[in-house]
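Numbering (the numbering used here), first residue to last: 2 to 408.
This is the structure in structure tokens:
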């Protein structure tokens with residue numbers, strides 16, 4: 002079996018070989034590239050290859066070093082078309098397979114693989130070919146066109162990588178990327194360090210702007226809870242909402258009080274009558290069994306009356322004016338129990354602040370509506386217990402009375 006020959010690339014055939022490599026990269030991207038791949042394109046590979054060739058010439062690199070660096074530049078993006086999330090590993094795999102099939106010298110192919118391997122670590126390397134390729138990789142991305150092209154990378158990552166970052170997170174990420182760039186070759190330092198410094202400065206400004214924006218948004222989020230309401234909802238609609246809800250709450254409170262008064266009256270009258278009846282000795286002596294239904298109703302009726310009184314009993318909440326700041330006091334000034342402890346000047350000042358600030362006004366009304374609902378909830382829970390106890394006690398009284406009457 003005939004062994005495969007390793008074909009070295011001579012100086013004379015270097016140009017033809019690199020043209021072949023560029024054609025392979027173009028064909029690969031044309032065949033399988035996604036239309037959403039708008040940053041890692043053939044133009045980026047071509048720019049990286051041109052910079053790699055320029056750096057190699059400036060550094061007077063050996064032909065093999067130059068060929069390896071430029072070859073790696075052409076091939077370092079071919080993996081994005083097949084596996085976007087593992088693109089660097091895929092590029093190494095595809096490049097190695099292609100170079101083996103092309104019969105490239107194994108030492109040169111290994112040098113290309115070392116160049117592509119540095120994409121996973123981005124660490125400095127003493128190998129001249131790797132250093133040139135690494136500098137070309139950085140210069141193509143973080144050079145003069147960085148600010149114009151980096152939005153394309155962000156959009157591509159959203160399309161293909163499913164990575165959605167906020168403006169603050171994205172600008173901080175790119176600043177960290179820029180700060181991690183360190184050129185190795187003298188030519189790269191001389192030609193691209195200035196662009197890198199300008200990009201770092203501009204990116205730092207963006208980070209500061211976005212950080213300030215996030216801080217302001219968080220600070221104003223609470224203050225503007227009701228601040229935008231008038232622009233989104235007509236004022237008449239807001240007024241109707243509060244008017245209707247206040248009316249409903251007051252009506253429900255009035256109904257609860259009326260029902261509680263009914264239970265108080267009924268239970269008080271029946272208890273008084275029963276106490277009067279059992280006070281006659283002849284009834285208890287002639288028919289002692291009558292005491293059982295009377296006692297049952299006295300206990301249940303009294304319990305029902307107590308819960309009805311608790312439901313109807315007024316409870317006035319008060320604001321601790323000593324412990325609370327004026328700003329906090331203004332947030333709960335609608336209900337009379339919260340301002341009766343204030344002096345008239347403080348009350349006028351608080352009301353003036355409320356009327357001048359629509360956010361504070363809507364906040365006061367919203368909180369007042371909430372606490373009205375809490376009061377109604379307690380009223381109806383007590384009232385429900387009162388009616389349930391009365392119903393059970395009345396039924397038990399009638400049953401025991403019938404038993405006592407028939408026995």
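Think of the CB as a built atom: it goes at the ideal place given N, C-alpha and C, for glycine as much as any other residue.
None of these values were measured; they are calculated from a predicted model.
- Remark: C-beta atoms of residue 89 and residue 121 approach each other more closely than 9 Å.
- For a cut-off of 8 Å, the C-beta gap from residue 69 to residue 116 is around 6 Å, short enough to register as a contact.
- Excluding the 5 residues flanking it on each side, residue 94 has same chain C-beta neighbours closer than 8 Å at 80, in chain order.
- A Cβ-Cβ distance of about 6 Å is found for the pair residue 384 and residue 257, placing them in contact under the 8 Å criterion.
- For residue 86 and residue 100, the gap between their C-alpha atoms comes out near 23 Å.
- Around the C-beta of residue 136, 16 or more other C-beta atoms lie within 10 Å, and the residue is accordingly described as buried.
- Contact check between the region 385–400 and the region 260–268: three or more CB pairs, one atom from each, fall below 8 Å, which counts as touching.
- In the DSSP assignment, residue 79 falls outside any alpha helix (DSSP H) and carries neither an H nor an E.
- Cβ neighbours of residue 356 within its own chain (closer than 8 Å, five residues either side excluded): 362.
- A Cβ-Cβ distance of about 5 Å is found for the pair residue 312 and residue 380, placing them in contact under the 8 Å criterion.
- At the C-beta level, residue 21 and residue 140 stay beyond 9 Å of one another.
- Residue 386 carries a helical assignment under DSSP once its states are collapsed to helix, strand and coil.
- Beyond the five residues adjoining it in sequence on each side, residue 145 comes within less than 7 Å, by CB distance, of 196 in the same chain, given in chain order.
- The Cβ atoms of residue 250 and residue 370 lie closer than 9 Å to each other.
- Judged by DSSP secondary structure, residue 46 falls within the alpha helix (DSSP H) whose first and last residues are 43–59.
- Counting C-beta pairs with one atom in each stretch, the region 118–132 and the region 160–174 have fewer than three that are closer than 8 Å, which means they do not touch.
- Assigned with DSSP and collapsed to three states, residue 152 falls in helix.
- For residue 346, the enclosing alpha helix (DSSP H) begins and ends at 345–357.
- DSSP, reduced to helix, strand and coil, places residue 127 outside both helices and strands of the structure shown, so it counts as coil.
- Within its own chain, the residues whose Cβ lies closer than 7 Å to the Cβ of residue 193, once the five positions on either side in sequence are excluded, are 140, 144, 184, listed in chain order.
- Taking one beta carbon from each stretch, the region 291–302 and the region 396–403 have 3 or more pairs nearer than 8 Å; the two touch.
- In the three-state reduction of the DSSP assignment, residue 315 falls in the coil class, being assigned neither a helical nor a strand state.
- Residue nearest to residue 198 within the set 147, 160, 16 is 147 (criterion: CA-CA distance).
- Counting the other Cβ atoms within 10 Å of the Cβ of residue 374 gives fewer than 16, which makes it exposed.
- Separation of residue 52 and residue 67 (C-alpha to C-alpha, rounded to the nearest whole angstrom) is 11 Å.
- Linking residue 134 to residue 360 through their CA atoms gives a straight-line distance of about 59 Å.
- The way I'd put it, the region 27–41 does touch the region 154–161; three or more beta-carbon pairs between them come closer than 8 Å.
- Going by C-alpha positions, residue 151 is about 25 Å away from residue 28.
- The C-alpha of residue 177 is placed about 25 Å away from the C-alpha of residue 128.
- About 6 Å separates the beta carbon of residue 377 from that of residue 253, a gap short enough to meet the 8 Å contact definition.
- Residue 130 and residue 65 have their alpha carbons spaced roughly 8 Å apart.
- Just measuring C-alpha positions, the residue of 268, 189, 345 sitting nearest residue 308 is 268.
- Pairing residue 76 with residue 25 gives a Cβ-Cβ distance under 9 Å.
- Here residue 191 is exposed, its C-beta having fewer than 16 other C-beta atoms within 10 Å.
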